[in-house]
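The block underneath contains the structure these notes are about, expressed in structure tokens.
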Amino acid sequence: MHVLTYNIRYDTTYDKHNEWKYRKNLVISNIQQSKAQIIGLQECLHNQIEDILEGLGGRYSYIGKGRDDGIKAGEYSPIIYDNQSIKLEHHHQFWISEKCYEPGSKSWNTTCCRILTWGYFRELSANKTFYFLNTHLDHQSKEARAQGAMLIKTFISTLDKTIPVCLVGDFNDYTHSVTLKNLLTDTNPDVAISYLNYLQIQRDQSTFSYQNLYNSRDISAIPVTGPKRTFTGFTDEFNEEIDYIIVNSAFKVDQFQIVNNNPQKFGIGQTIASDHLPVTAILSFK
């Protein structure tokens with residue numbers, strides 16, 4: 001199953017020659033070239049989702065709502081899926097805060113309200129179900145990123161551990177950060193109680209345990225090639241990996257790649273698809 005995470009940069013006239021109307025076809029082309037069956041996008045405004053779905057020719061559907069009001073206002077973290085190979089069973093969205101189901105809610109000194117969109121899907125050719133989650137953590141507050149990672153990991157750990165899980169997104173943090181440590185290292189289940197309360201999920205604390213999660217880059221069966229950075233800032237001056245594909249032990253990672261869709265030299269006045277590179281993986285069911 002081909003998956004993709006891609007921060008497409010929100011639509012703003014501030015970007016001038018990189019304004020959305022000039023680069024949207026580049027983004028659509030990158031999505032098509034990835035052959036992704038399921039996609040997590042970040043920084044999408046509603047009009048951008050409409051443009052992408054139109055450009056993909058009617059084969060794809062999406063789930064997700066605007067983060068500001070839980071309807072259409074503000075950025076989305078949508079999940080787009082190929083409705084000819086993937087079936088949506090059910091879905092939901094919550095805010096990365098202490099009030100998870102209050103639209104626009106913020107906690108932990110976050111600059112912007114942040115969301116997680118998730119769905120329970122069925123891959124039709126294998127007739128296998130899986131969870132797919134997409135988020136975009138705060139770009140300023142380390143506390144918000146670290147707490148958000150624990151909230152997300154706690155939510156994932158309430159799911160059936162035998163069912164494959166894939167979490168994607170722009171975490172705005174590095175591989176050695178507390179954010180990634182919170183997601184990928186062993187966690188004492190005693191810390192879960194606060195996050196379960198935020199999520200309004202009841203679990204027996206004596207039997208609760210955290211799922212083991214893995215960075216797809218680290219467990220790819222095929223050696224990883226290509227660039228190591230995912231954020232470019234529309235320039236060639238950055239060398240930051242902040243976009244990830246995370247899986248549980250029920251998925252096997254056949255291949256992982258950060259796609260260099262801008263092989264030419266970044267130049268003044270040159271239109272670039274996004275200020276992030278697409279990140280792809282091929283996953284298989286164990």
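Using the UniProt record's numbering, read the sequence shown as starting at 1 and increasing by one per residue.
For glycine and all other residues, C-beta sits at the position ideal for the given N, C-alpha and C.
From a predicted model like this one, the values you see are computed outputs, not experimental measurements.
Whose C-beta lies closer than 8 Å to the C-beta of alanine 152 among residues of the same chain, with five residues either side of it excluded? Translated into positions along the sequence shown, residue 152 becomes position 152. Residue identity check: residue 152 is isoleucine in the sequence provided, not alanine. Contacts found: Ile96, Leu116, Leu133, Thr135, Leu167, Leu183.
If you count every other CB in all the chains shown that lies within 10 Å of the CB of glutamate 123, and 16 or more means buried, which is it? Indexing the sequence shown from 1 puts residue 123 at position 123. Glutamate 123 is buried by the Cβ-count criterion.
What is the DSSP secondary structure of leucine 151, counted as helix, strand or coil? Counting from 1 along the sequence shown, the entry for residue 151 is found at position 151. Three-state result, leucine 151: helix.
Could you work out which residue in Ile163, Gln140, Gln205, Ser157 is closest to aspartate 170 when comparing CA atoms only? Taking the first residue of the sequence shown as position 1, residue 170 is located at position 170. With distances taken between Cα atoms, aspartate 170 lies closest to Gln140.
Are lysine 142 and valine 178 closer than 8 Å when you measure CB to CB? Along the sequence shown, one-based indexing puts residue 142 at 142. Along the sequence shown, one-based indexing puts residue 178 at 178. In contact: lysine 142 and valine 178 (Cβ atoms closer than 8 Å).
Taking just the CA atoms, how far does glutamine 270 sit from threonine 187? For this step, residue 187 is matched to residue 187 along the sequence shown. For this step, residue 270 is matched to residue 270 along the sequence shown. Taking the straight line from one Cα to the other gives about 46 Å.
Please list, in chain order, all residues of the same chain as arginine 217 whose beta carbon is under 7 Å from its beta carbon, the five residues on each side excluded. Position 217 of the sequence shown holds residue 217. Closer than 7 Å at Cβ, skipping near neighbours: Val224, Phe256.
Glutamine 147, buried or exposed, once every other Cβ within 10 Å from all chains shown has been counted against 16: Residue numbering aside, residue 147 sits at position 147 when the sequence shown is read from its first letter. With 16 or more other Cβ atoms within 10 Å, it is buried.
Quick one: complete alpha helix (DSSP H) runs, 4+ long, within the region 45–76? 46–55
8 Å contact criterion, which glutamate 89 and phenylalanine 121 should meet: CB distance rounded: What you label residue 89 is simply residue 89 of the sequence shown in a count that begins at 1. What you label residue 121 is simply residue 121 of the sequence shown in a count that begins at 1. Yes, glutamate 89 and phenylalanine 121 are in contact; Cβ-Cβ is about 6 Å, under 8 Å.
Pick from Ile245, Thr232, Gly58 that is closest to leucine 180, judged by C-alpha positions: On the sequence shown, position 180 is the one that residue 180 refers to. Among Ile245, Thr232, Gly58, the Cα nearest to that of leucine 180 is on Ile245.
In the DSSP assignment, what are the bridge partners of arginine 114? Position 114 of the sequence shown, counting from 1, holds the residue named residue 114. In DSSP, arginine 114 forms no bridge with anything.
Name the two residues that bound the continuous alpha helix (DSSP H) containing glutamine 93. Along the sequence shown, one-based indexing puts residue 93 at 93. Glutamine 93 -> not in any alpha helix (DSSP H); beta strand (DSSP E) instead, spanning 86–95.
Going by beta-carbon coordinates alone, are tyrosine 10 and leucine 41 separated by less than 8 Å? For the purposes of this step, residue 10 is identified with residue 10 of the sequence shown, where counting begins at 1. For the purposes of this step, residue 41 is identified with residue 41 of the sequence shown, where counting begins at 1. No, Cβ-Cβ distance for tyrosine 10 and leucine 41 is not below 8 Å.
Rounded C-alpha distance that separates valine 247 from tyrosine 214: The residue labelled residue 247 in the question sits at position 247 within the sequence shown. The residue labelled residue 214 in the question sits at position 214 within the sequence shown. Valine 247 and tyrosine 214: Cα-Cα distance of roughly 5 Å.
Runs of alpha helix (DSSP H) lying entirely within the region 181–253, each at least 4 residues, in chain order: 192–199, 216–219
Tell me, please, which residues DSSP counts as bridged to glycine 104. Here residue 104 refers to the residue found at position 104 of the sequence shown. DSSP output for glycine 104 lists no bridge partner at all.
Residue of Gly233, Pro164, Ser105, Asp138 minimising C-alpha distance to alanine 126: On the sequence shown, residue 126 is found 126 positions in, with the first residue counted as 1. Residue Pro164 is the option with its Cα nearest to alanine 126.
Leaving aside the five residues before and after threonine 13 along the sequence, list all residues of the same chain whose C-beta is less than 8 Å from its C-beta, in chain order. By 1-based counting over the sequence shown, the position of residue 13 is 13. Glu19, listed in sequence order.
Please report the distance separating the alpha-carbon of glutamine 32 from that of phenylalanine 285. Translated into the one-based positions of the sequence shown, residue 32 becomes position 32. Translated into the one-based positions of the sequence shown, residue 285 becomes position 285. Their backbone Cα atoms lie some 23 Å apart in a straight line.
So isoleucine 258 packs on proline 227, CB below 8 Å; how close in whole Å? Along the sequence shown, read from residue 1 onward, the residue named residue 258 stands at position 258. Along the sequence shown, read from residue 1 onward, the residue named residue 227 stands at position 227. The Cβ separation is near 5 Å, so the contact holds.
Could you compute how far the alpha carbon of arginine 23 sits from the alpha carbon of asparagine 83? As a working mapping, residue 23 is identified with position 23 in the sequence shown. As a working mapping, residue 83 is identified with position 83 in the sequence shown. One C-alpha to the other measures close to 25 Å.
Closest by C-alpha distance to aspartate 69, when choosing among Lys21, Phe251, Thr129, Glu102: Sequence index remark: in the sequence shown, residue 69 carries index 69 (1-based). Of the candidates Lys21, Phe251, Thr129, Glu102, the one whose C-alpha sits nearest the C-alpha of aspartate 69 is Glu102.
Rounded separation between asparagine 30 and serine 206 - CA only: Reading the sequence shown from its first residue, position 30 is the one you call residue 30. Reading the sequence shown from its first residue, position 206 is the one you call residue 206. C-alpha separation (whole angstroms): 47 Å.
For glutamine 200, I'd like the list of residues in its chain whose CB is within less than 8 Å of its CB, leaving aside the five on either flank, ordered along the chain. Taking the first residue of the sequence shown as 1, we reach residue 200 at position 200. So the qualifying residues of the chain are Cys100, Tyr101.
Apart from the five residues just before and just after tyrosine 60, which ones in its own chain have a Cβ nearer than 7 Å to its Cβ? On the sequence shown, position 60 is the one that residue 60 refers to. Hits under 7 Å: Leu53, Ile80, Tyr81, Asp82, Asn83.
Rounded distance between the beta-carbons of tryptophan 108 and alanine 144, thought under 8 Å: Position 144 of the sequence shown, counted from the first residue, corresponds to residue 144. Position 108 of the sequence shown, counted from the first residue, corresponds to residue 108. Yes, they are in contact, since the Cβ atoms of alanine 144 and tryptophan 108 sit about 4 Å apart, within 8 Å.
Classify glutamate 50: buried if its beta carbon has 16 or more other beta carbons within 10 angstroms, exposed otherwise. Residue numbering aside, residue 50 sits at position 50 when the sequence shown is read from its first letter. Exposed.
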